[in-house]
Amino acid sequence: MSTVPSTVAALHGWDELISDPPADLAPAARAHLPQLAELEASWPALADGNRIVHGDLRADNMVRDHDRGVALVDWAHATTGPACIDAASLAPQLVLAGHAPADVARLLRYHPATASSPDTTTTAFLAALTGHWHRNARKPAPPGAPGLRAYQHRAAAAGLALLGYRLS
Numbered sequence: 028m029s030t031v032p033s034t035v036a037a038l039h040g041w042d043e044l045i046s047d048p049p050a051d052l053a054p055a056a057r058a059h060l061p062q063l064a065e066l067e068a069s070w071p072a073l074a075d076g077n078r079i080v081h082g083d084l085r086a087d088n089m090v091r092d093h094d095r096g097v098a099l100v101d102w103a104h105a106t107t108g109p110a111c112i113d114a115a116s117l118a119p120q121l122v123l124a125g126h127a128p129a130d131v132a133r134l135l136r137y138h139p140a141t142a143s144s145p146d147t148t149t150t151a152f153l154a155a156l157t158g159h160w161h162r163n164a165r166k167p168a169p170p171g172a173p174g175l176r177a178y179q180h181r182a183a184a185a186g187l188a189l190l191g192y193r194l195s
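Under this note's numbering, the first residue of the sequence shown carries the number 28, and numbering increases by one thereafter.
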């Protein structure tokens, strides 16, 4: 397992999009682009922490066993960091699964893993992750992963919906 800096600490995308915003950038992203880029830039300094972090929580990295519960798999991005990372990375996945962004935003605000981290840390991570998705969704599909860019586009929209509850 690595420690920060890691791929989790290096998440970014708004920094590239702000210099030449694409015409199809979501209006909510365009309206908050300077704030999103600033939050993203603050993330690496906030990424230090002593919690074991999966770093890539989503449905396809969880296996449910009826008797044993849920097991997390694919620990390729495991690292140490603030307690909020896994809850914040799972939040957009809950929106993608059909939960209302307002309900997920409320859960994110009061969940013990995020409540133990400063709001700025959780918001900066969510901004960096969402920027990463927004930037990567615009790249060509990598070989063998034809659905990846469409997923990243949907995940970016979900992250942006959650950030709408956190941005001023």
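Here a beta-carbon is modelled for each residue, glycine too, at the ideal position from N, C-alpha and C.
Tell me, please, which residues DSSP counts as bridged to residue i.
{"i": "D83", "result": "In the DSSP output, where bridge partners are listed per residue, D83 has none listed."}
{"i": "R181", "result": "According to DSSP, which records beta bridges pairwise, R181 is partnered with nothing at all."}
{"i": "T107", "result": "I79"}
DSSP state of residue i, grouped into three classes?
{"i": "V90", "result": "strand"}
{"i": "A118", "result": "helix"}
{"i": "V100", "result": "coil"}
{"i": "G186", "result": "helix"}
{"i": "L153", "result": "helix"}
{"i": "I112", "result": "helix"}
For residue i, collect the residues of the same chain with a Cβ closer than 6 Å to its Cβ; drop the 5 residues on either side in sequence, then sort them by chain order.
{"i": "V118", "result": "Per the sequence presented here, residue 118 reads as Ala, with Val not at that position. The residues are V131, L135 and L189."}
{"i": "A183", "result": "T157, W160, H161 and A164"}
Spatial neighbours of residue i within its chain, please: CB distance less than 7 Å, with the 5 preceding and 5 following residues excluded, ordered by chain position.
{"i": "A185", "result": "P119, V122 and L123"}
{"i": "T150", "result": "L66 and R193"}
{"i": "R78", "result": "T107, G108, P109 and A110"}
CA-CA distance, residue i and residue j?
{"i": "R57", "j": "P48", "result": "8 Å"}
{"i": "N163", "j": "I45", "result": "14 Å"}
{"i": "T107", "j": "A55", "result": "32 Å"}
Confirm, please, whether the CB-CB distance from residue j to residue i is below 8 Å.
{"i": "G82", "j": "A105", "result": "yes"}
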